[in-house]
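Below is one structure, written out as structure tokens; comments come after it.
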Amino acid sequence: MTAARTAVVCGLGTHLPSGVVTNEDLAKELDTSDEWIRSRTGIGQRHIAEDGTATSDLAVEAGRRALKSASTDTVDAVIVATSTPDHICPATAPVVAARLGLGTVPAFDVAAMCTGFVYGLAVAAGFIAAGTARSVLVVGAETYSTILDPEDRSTRAIFGDGAGAVVVRAGEPDEPGALGPVILGSDGTGSELIRIPSGGSRDPFRAAHAERADPYFRMSGARVFRNAVERMAEASLEAVTRAGWAPEDVDVFVSHQANVRIMNAVADQMRLPRSRFPVHLDRVGNTAAASIPLALADAVTAGGLRPGHRTALAAFGGGLTWGAATLTWPDVTPV
Ligand code: UT7
3 MTAARTAVVC GLGTHLPSGV VTNEDLAKEL DTSDEWIRSR TGIGQRHIAE
53 DGTATSDLAV EAGRRALKSA STDTVDAVIV ATSTPDHICP ATAPVVAARL
103 GLGTVPAFDV AAMCTGFVYG LAVAAGFIAA GTARSVLVVG AETYSTILDP
153 EDRSTRAIFG DGAGAVVVRA GEPDEPGALG PVILGSDGTG SELIRIPSGG
203 SRDPFRAAHA ERADPYFRMS GARVFRNAVE RMAEASLEAV TRAGWAPEDV
253 DVFVSHQANV RIMNAVADQM RLPRSRFPVH LDRVGNTAAA SIPLALADAV
303 TAGGLRPGHR TALAAFGGGL TWGAATLTWP DVTPV
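For the sequence shown, position 113 matches number 115 in this note's numbering, and the numbering has no gaps at all.
This is the structure we're talking about:
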């Protein structure tokens with residue numbers, strides 16, 4: 003008998019910082035309004051971590067809850083998907099693993115921006131398929147509030163902080179929770195559309211040039227919007243087809259929560275009712291790599307995502323990067 007080597011989702015945990023910034027709060031500081039933000043994005047508020055809170059602090063909490071949800075206190079590897087690591091180096095995952103008491107397991111970060119969670123799932127599935135690990139904790143965690151320009155209304159309106167995590171274990175392909183095909187892609191010709199211009203090796207921090215450095219997150223929103231719709235719809239169709247499903251077989255489509263207009267456009271391109279796309283961003287904004295696990299937990303809690311539902315996941319982010327995956331939702335209670 004061959005060993006089971008399909009990644010099966012068996013735990014889900016989330017953590018949001020308690021601080022909430024509403025659109026009205028932002029409008030007191032910036033030239034924006036609740037009406038603009040809601041009508042252009044669907045976002046009503048976002049959670050923002052307190053000063054001094056790092057991404058690992060949120061990741062540890064979500065990770066702890068995912069382990070609890072999976073009724074386990076061990077895993078063979080930890081992957082943290084983030085574009086707001088505690089430090090440029092070292093990676094955030096080893097600290098998360100240590101603080102969770104997971105010992106000396108392999109732990110590393112995945113940097114695929116908002117697609118990071120889907121990339122992380124794919125890597126975890128690869129570890130399990132190769133026999134490198136029997137179980138993996140995959141965390142998406144972000145503190146975008148630490149990289150946004152306080153004066154940039156277009157990014158501050160969108161991004162929020164948070165973390166979500168899943169545990170995947172080795173299992174059989176026909177079990178509920180078994181990850182189906184994962185489709186990933188990238189297009190580095192669009193790398194300038196989303197980036198932090200300074201502070202990396204291209205424009206390192208130098209005290210002498212500090213005044214011309216730009217340490218903040220920048221995004222060409224409208225161009226990203228068009229790419230996001232096209233790439234997420236394409237990747238999702240491919241993932242669904244490879245799973246042997248027709249698009250209309252998808253009961254629940256858990257999309258990266260960047261902008262409700264992007265989600266609606268993907269639904270329209272796939273000829274799926276918009277109601278199959280659960281919306282979470284109205285309460286949390288765009289939480290980048292944390293967005294999909296947070297949206298999964300919210301959909302389960304709200305009763306819209308139930309065991310047996312054919313589920314598609316899709317994300318798009320800086321890089322540019324994108325990804326999509328399928329699974330049949332398992333009987334997992336988020337913590
Ligand atoms: O998660 C990773 C990937 N990211 C995304 O998927 C985000 C994709 N992009 C978007 O969601 C949208 O492009 C945004 C929400 C970021 C912007 O919406 P848009 O409809 O594409 O607006 P725009 O960038 O084309 O800007 C239109 C106008 C501009 O003013 P002018 O130059 O026409 O005078 C902006 O300055 O809207 C202005 N604007 C705002 N006005 C009020 C931008 N942000 C705001 C704001 N409040 N918060």
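From the three backbone atoms N, C-alpha and C, an ideal C-beta is built for every residue, glycine too.
Bear in mind the structure is a predicted one, so any value in this text is a computation, not a measurement.
CB of residue i within 8 Å of CB of residue j, strictly
| i | j | result |
| --- | --- | --- |
| A291 | C116 | yes |
| I81 | A126 | yes |
| G187 | A64 | no |
| A317 | G325 | yes |
| L296 | T16 | yes |
| A241 | G164 | no |
Local conformation of residue i per DSSP, three classes
| i | result |
| --- | --- |
| P183 | strand |
| Q259 | coil |
| L274 | coil |
| A159 | coil |
| R204 | coil |
| F318 | strand |
| N193 | Inspection of the sequence shows that residue 193 is occupied by Ser rather than by Asn. It is helical. |
| C116 | helix |
| G173 | strand |
| A6 | coil |
| A126 | helix |
| D333 | coil |
| V97 | helix |
Host alpha helix (DSSP H) of residue i (start-end)
| i | result |
| --- | --- |
| G223 | G223 to R244 |
| I294 | S293 to A304 |
| L283 | L283 to V286 |
Boundaries (first-last residue) of the beta strand (DSSP E) holding residue i
| i | result |
| --- | --- |
| A143 | S137 to E144 |
Residue i Cβ short of 7 Å to the ligand HEM heavy atom set
| i | result |
| --- | --- |
| H258 | The model on display carries the ligand UT7 but not the ligand HEM. |
> Counting pairs of beta carbons, one from the stretch 161 to 178 and one from the stretch 186 to 202, are three or more of them closer than 8 Å?
Replying inline: no
> Curious, which full-length alpha helix (DSSP H) runs of at least 4 residues does the stretch 21 to 95 contain?
Replying inline: For the stretch 21 to 95, whole alpha helix (DSSP H) runs of length 4 or above, ordered along the chain, are 25 to 31, 36 to 43 and 57 to 71.
> For the stretch 139 to 157 against the stretch 71 to 90, are there 3 or more C-beta pairs whose distance is under 8 Å?
Replying inline: yes
> Does the count of Cβ pairs from the stretch 130 to 137 and the stretch 46 to 55 closer than 8 Å reach three?
Replying inline: no
>> Assess contact between the stretch 212 to 224 and the stretch 270 to 281, defined as three or more Cβ pairs (one per stretch) separated by less than 8 Å. Is contact present?
In response: Short answer: they don't touch.
> Taking one C-beta from the stretch 261 to 268 and one from the stretch 22 to 36 each time, how about it: are there three or more such pairs within less than 8 Å?
Replying inline: The stretch 261 to 268, when compared against the stretch 22 to 36, does not touch it at the 8 Å Cβ threshold.
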